[in-house]
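Respectively, the protein sequence lines represent chains A and B. Per the numbering used here, the first sequence starts with residue -11, numbered consecutively. Per the numbering used here, the second sequence starts with residue 4, numbered consecutively. Idealized CB from N, CA, C, for every residue including glycine. Below is one structure; the comments refer to it alone.
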Amino acid sequence: VRTAAQIAELVWAGAVPNLAFLSIGLWALRALLPSLRGAERYATAYALGAGIASLAVLVLRGMDVPLPLGALALVGLSGVPLLRDRKASSGSSPAPALGWIRAVRGFTLAIGGVMFVAALAPETYWDGFEYHLPIARAWSEGPIRALPAMVDAEFRAGIDLLYVPALAAGQPDAAASVSACFALALALLVGAEAGRRASPGAGALTALFVLIVPLVTAHATSSYVDIGVGVFGFLALLGADRWNRSGSPADLTHCALFAAFAVNAKPHAALLLPAVAVVCLAGGRNPGWRAALPRLALYAACVLPWFVKSALTTGNPFFPLWSEWLGAGASSPGLLELRRFRLSTDFPWDRNPTNLLRYLAAIHVGGNPHVSGLLGPLPLALAPLAGFRATRSSWVLGVVLLALFGLQFAYMPALRFGIPIVAFLALAAACGGVRLAAAGSAHAVSLGALLAVLAVHQFAGTMTHYAPRVAALQDPAVYSAREFPDQVALVEMVRRAEPAVGIPKGAVLWMPKPVYNLHWERNGELFLERATPAAAREILNARGVRSLVLDVEPASLRAGRTGRAPVDAWLLAGSARLHVDSPPPRARGSRVWVRVDLD
Amino acid sequence: VEDATPAPEGRTAPLSRRGGWLALLWVTGIVLGSVALRELGIVLLP
Chain A
-11 VRTAAQIAEL
-1 VWAGAVPNLA
9 FLSIGLWALR
19 ALLPSLRGAE
29 RYATAYALGA
39 GIASLAVLVL
49 RGMDVPLPLG
59 ALALVGLSGV
69 PLLRDRKASS
79 GSSPAPALGW
89 IRAVRGFTLA
99 IGGVMFVAAL
109 APETYWDGFE
119 YHLPIARAWS
129 EGPIRALPAM
139 VDAEFRAGID
149 LLYVPALAAG
159 QPDAAASVSA
169 CFALALALLV
179 GAEAGRRASP
189 GAGALTALFV
199 LIVPLVTAHA
209 TSSYVDIGVG
219 VFGFLALLGA
229 DRWNRSGSPA
239 DLTHCALFAA
249 FAVNAKPHAA
259 LLLPAVAVVC
269 LAGGRNPGWR
279 AALPRLALYA
289 ACVLPWFVKS
299 ALTTGNPFFP
309 LWSEWLGAGA
319 SSPGLLELRR
329 FRLSTDFPWD
339 RNPTNLLRYL
349 AAIHVGGNPH
359 VSGLLGPLPL
369 ALAPLAGFRA
379 TRSSWVLGVV
389 LLALFGLQFA
399 YMPALRFGIP
409 IVAFLALAAA
419 CGGVRLAAAG
429 SAHAVSLGAL
439 LAVLAVHQFA
449 GTMTHYAPRV
459 AALQDPAVYS
469 AREFPDQVAL
479 VEMVRRAEPA
489 VGIPKGAVLW
499 MPKPVYNLHW
509 ERNGELFLER
519 ATPAAAREIL
529 NARGVRSLVL
539 DVEPASLRAG
549 RTGRAPVDAW
559 LLAGSARLHV
569 DSPPPRARGS
579 RVWVRVDLD
Chain B
4 VEDATPAPEG
14 RTAPLSRRGG
24 WLALLWVTGI
34 VLGSVALREL
44 GIVLLP
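Written as structure tokens, this is what we have:
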């Protein structure tokens, strides 16, 4: 159980890095986009600061420079003079918002506050405790380097780097506060744009619904990086669209920076570069080489450090691309093909028009086949009403978004990968809502009542998710044990095993000894179920693995088997020994944990 | 200044009276239907 002082330390470790990112962003924004106002200014500054800070962490941790919270607090303090927008207070102020709009904005910010606190509970999402946080921990304990059998460390990890200060401070639970801040930024940014395109009231409501939609609720308190990538992607596409509408070179700069930050955080965001190029070239205001080249150079400069990092740790600056020719470090050259196949199984149906409709229905009102929260009903209900009298720029943007959505459906159907697209869907829904409300007072009142019902429903869902996490601040162990009793049992098994311990995918972050993740998607070099006994043993020996803790079906166990062919072959050959506790600890479902010692 | 140039999509092309009622019916069905499905625990596409 944490004391009040320990909770304060946790909150400090969550708040300080984010305030430092905001501060860096406010300084950068003053030079790059001084025209932004209000909540949008803070949200853009946060995203900009996070992107810049990520590159700084890459360089500093690459040279093993420590990142103490005290130093970050000073960076945060340096932004205090910029917190107040002097230009806004000295210029003509906009008309004050209506009371209900102010109330919705206040409510949205209050939910953001609860979300921040909920993000300070222990990570219980698979990718989070399996690799996002272990990678950040490894890079907080030593310089940025290749991490053996942890292939995710070889991909772009721009947002993971933002977790390093919290982990360096010994506070892994504080890391996901970055996701909460990105989620609030996303809500404020989409809300501000909806306010411009539709109405101030629609903007306030859009921000609220973005924050409580299940897709965002599900990820805002985890160390998944998708909301951050979504913010960067949304801002890159928005910058391109704004360039078409304004012709301001600052918008092109903004577009280039955020497109670069997005690809620094996740490789598939490389698609944003051709996407924004099409929006700019076909949207009605061709920038020409004189305006485009400096922004392309800026983009290249921002993505270059990750190419250098990949070259240093894998020998292939473009890893995982062209691994057959340029090398893949310690991982298998076939990794990309396997991963592509694996991603397609998130929605395990043929890719045809009928199933596209099923997919669209599934992400609105279906189950959850692809590890994401859902979109909620508003995009389906309101976006079709947005009308088709759009500007040329909006048409081009729409076509580009449709193309990106098609690629998502075909190759990476998990909804969380599509947050930049979803954000624009929210804008369309805001425009549709305003059109419906303008049809008559009865329509406006009815729509308001429907939105109130939905807001209550989604708010209840959000709080149901957050309440146990807020309570977990005081007793994180009880929360972890309730969420993942099998992983707590695995921790105990690992505690008694000889390191390094091979484990089937699990909470690597929680393990008390060095572990080797036996899941091929994580280790990048060993597909245990498909490998020959000799090849598997060779890899495990090379990694210093001395024991395994495996989840086994009771029926297999009665026959003295583990269900993994290479391991069973070692048991038969006498080169490994099976240890079963009495009674064996429970793993997931009907499975139980057993230990295998490798001789 | 770029932000003073709002895109006009949401402020043009009002719905007709009949179109407005049809749209309201559509929105009501989708919103209340989805809330009811969630509350009843019904998953249309597992």
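Can you determine whether any heavy atom of the ligand GDP sits closer than 6 Å to the C-beta of residue i, and answer yes or no?
i      : result
A:L323 : For the structure depicted, the ligand GDP is absent and the ligand set is empty, with no information on it obtainable.
So for residue i, helix, strand or coil by DSSP?
i      : result
A:N274 : coil
A:W581 : strand
A:D115 : helix
B:V28  : It is Leu, not Val, that sits at residue 28 of chain B in the sequence shown. Helix.
A:A505 : According to the sequence displayed, residue 505 of chain A carries Asn and not Ala. Of the three classes helix, strand and coil, the one that applies to A:N505 here is strand, per DSSP.
A:V422 : helix
B:R20  : helix
A:A318 : coil
A:R133 : coil
A:L108 : coil
A:A564 : strand
A:R574 : strand
A:D148 : helix
A:G158 : coil
B:R41  : helix
A:P341 : helix
A:D587 : coil
A:R327 : helix
A:A494 : Strictly speaking, residue 494 of chain A in this sequence is Gly, with Ala absent from that position. A:G494: coil per DSSP, three-state reduction.
A:S23  : coil
A:D569 : coil
A:T194 : helix
A:R518 : coil
A:R93  : helix
A:M138 : coil
Could you spell out the range, first to last residue, of the beta strand (DSSP E) harbouring residue i?
i      : result
A:I491 : 489 to 491
A:V213 : Premise fails: A:V213 is in no beta strand (DSSP E) and is neither H nor E.
Are the beta-carbon atoms belonging to residue i and residue j less than 7 Å from one another?
i      : j      : result
A:L10  : A:A27  : no
A:V45  : A:L149 : yes
A:V540 : A:T550 : yes
A:G218 : A:I407 : yes
A:A171 : A:I215 : yes
A:T450 : A:T96  : no
A:V580 : A:L566 : no
A:E513 : A:S320 : yes
A:T209 : A:R525 : no
A:D115 : A:Y212 : yes
A:T241 : A:L20  : yes
A:P336 : B:I33  : no
A:A248 : A:Y287 : yes
Based on DSSP bridge pairs, tell me the residues matched to residue i.
i      : result
A:L62  : Per DSSP, none; premise fails for A:L62.
A:L284 : Answer is none; A:L284 lacks a bridge partner.
A:D229 : Partner(s): none; A:D229 has no beta bridge.
A:L538 : A:V582
Terminal residues of the continuous alpha helix (DSSP H) containing residue i?
i      : result
A:Y399 : 380 to 399
A:W0   : -8 to 20
A:P500 : Per DSSP, A:P500 belongs to no alpha helix (DSSP H) and is neither H nor E.
A:Q446 : 429 to 459
A:E480 : 473 to 483
A:F170 : 165 to 185
A:S42  : 26 to 50
A:H242 : 237 to 253
A:A369 : 366 to 370
A:L70  : 68 to 71
Which whole-angstrom value describes the C-beta separation of residue i and residue j, a residue pair presumed to lie in contact below a C-beta threshold of 8 Å?
i      : j      : result
A:L203 : A:R404 : 7 Å
A:A378 : A:G420 : About 12 Å separates the two Cβ atoms, so there is no contact after all.
A:S128 : A:V152 : 5 Å
A:Y119 : A:V496 : 7 Å
A:Y504 : A:V476 : That belief does not hold up - the Cβ atoms of A:Y504 and A:V476 are roughly 20 Å apart, past 8 Å.
A:F306 : A:G39  : Going by Cβ atoms, the distance from A:F306 to A:G39 rounds to 21 Å, so no, they are not a contact pair.
A:G179 : A:G191 : 5 Å
A:R328 : A:K254 : The pair is not a contact, with the Cβ atoms about 15 Å apart (cut-off 8 Å).
- prompt: In the segment 428 to 443 of chain A, which residues sit with their C-beta less than 9 Å from some C-beta in chain D, listed in chain order?
  reply: You won't find chain D in this structure, because its protein chains are A and B.
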